[in-house]
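Below is one structure; the comments refer to it alone.
In the working numbering, the protein residues as written are 109 to 462.
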């Protein structure tokens with residue numbers, strides 16, 4: 109059984125075994141090979157824990173050189189129980205002191221509050237408050253690099269977009285950084301991100317926003333497909349348990365097959381589709397229901413929302429006007445500014461300023 113297949117356990121079983129496993133397997137002994145001298149996690153939610161666990165189990169960072177802050181005392185207590193040796197702080201300024209990697213693991217709406225604390229530490233205490241070589245690593249969706257540089261006054265910033273499978277070590281993370289982060293520092297950041305899956309570096313920040321719509325939010329699309337297939341199986345007469353097993357392993361096996369063969373998905377689909385057969389009938393209904401178009405429209409909508417969250421113009425994609433003029437920042441609109449795919453725009457989305 110593969111590692112990923114083995115991890116398809118029930119949520120309850122995984123939750124109970126996780127606590128026992130983590131508490132017993134983590135060594136509190138200081139390592140001579142820490143990736144960073146000190147890593148500070150601001151926020152201790154699921155993504156922070158998805159990063160902390162492999163850093164320790166893979167011996168990339170000793171627990172004693174990891175510090176965490178959270179506004180919830182209960183959350184900090186849980187961190188100390190799950191990861192023995194990890195230091196908990198009661199303030200952001202205490203957590204980031206002497207840290208050369210500061211991980212923003214907070215919701216986008218809380219980023220500004222963290223900025224304010226880091227900026228204050230930098231202004232009041234200088235290098236004693238925030239190291240001169242400190243790097244910010246963000247996992248907050250939609251927030252651009254410029255926001256971190258201007259808000260925190262920290263000049264070295266790496267922005268990343270992980271996804272939820274990172275919680276089982278099977279995530280994929282797209283990331284980029286400011287040009288002042290050198291090759292050695294980039295290598296260290298990559299080691300952190302690779303610890304919970306695969307990382308993909310991009311040299312243009314726009315690809316991070318794009319990745320939000322594919323890999324970042326992508327698991328939700330897969331889960332919706334999964335849910336629909338399971339429900340259909342139950343409707344036909346399978347027990348929910350059996351239908352779930354069939355769907356889980358169909359998606360898992362199909363993904364592994366595509367990755368290992370390297371074939372184009374169309375080639376793989378055709379290999380399953382016999383003329384006038386059962387699969388052909390199913391594919392006909394999917395195509396007739398505009399399955400591809402719905403998927404692509406959903407991805408474009410997600411991308412646009414990511415841009416909006418970052419304060420950027422979201423007029424991209426099908427029949428959108430790709431110019432800042434829409435936000436009142438440019439000259440007259442012209443027809444040649446239209447983006448590709450001349451189809452009707454989705455209805456009910458956020459209206460632009462006139």
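Ideal Cβ placement from N, Cα and C applies to all residues, glycine included.
Taking 8 Å as the upper bound for CB-CB distance, residue 257 and residue 242 are not in contact here, some 12 Å apart. When DSSP states are grouped into helix, strand and coil, residue 329 belongs to the helix group. Using a 10 angstroms sphere on the CB of residue 321, the tally of other CB atoms reaches 16 or more, which defines it as buried.
Beta-bridge partners of residue 269 (DSSP): 282. Separation of residue 327 and residue 359 (C-alpha to C-alpha, rounded to the nearest whole angstrom) is 12 Å.
When beta bridges are read from the DSSP output, residue 210 appears opposite 148, 244. Of the candidates 188, 253, 284, 355, the residue whose Cα lies closest to the Cα of residue 333 is 355.
Counting only the Cα atoms, residue 306 lies some 11 Å from residue 273.
Look at residue 398 here: in three-state DSSP terms it is coil, with no helix or strand label. Setting aside the 5 residues that flank it on each side, residue 201 is surrounded in the same chain by 225, 229, 237, each with a C-beta closer than 7 Å to its C-beta; the list follows chain order. Residue 222 counts as buried, since at least 16 other C-beta atoms from the protein chains shown sit within 10 angstroms of its C-beta.
In this structure residue 168 touches residue 143 by the C-beta definition: roughly 5 Å separates them, less than 8 Å. By the neighbour-count criterion, in which a residue is buried when 16 or more other Cβ atoms sit within 10 angstroms of its Cβ, residue 208 is buried. Cβ contact annotation for residue 403 (same chain, cutoff 8 Å, sequence separation greater than five): 329, in chain order. From the listed residues 199, 266, 164, 150, the smallest Cα separation to residue 293 is found for 266. A Cβ-Cβ contact shorter than 8 Å links residue 303 with residue 162.
C-alpha of residue 384 to C-alpha of residue 270: approximately 41 Å in a straight line. Rounded to whole angstroms, residue 363 and residue 278 show a C-alpha spacing of 13 Å.
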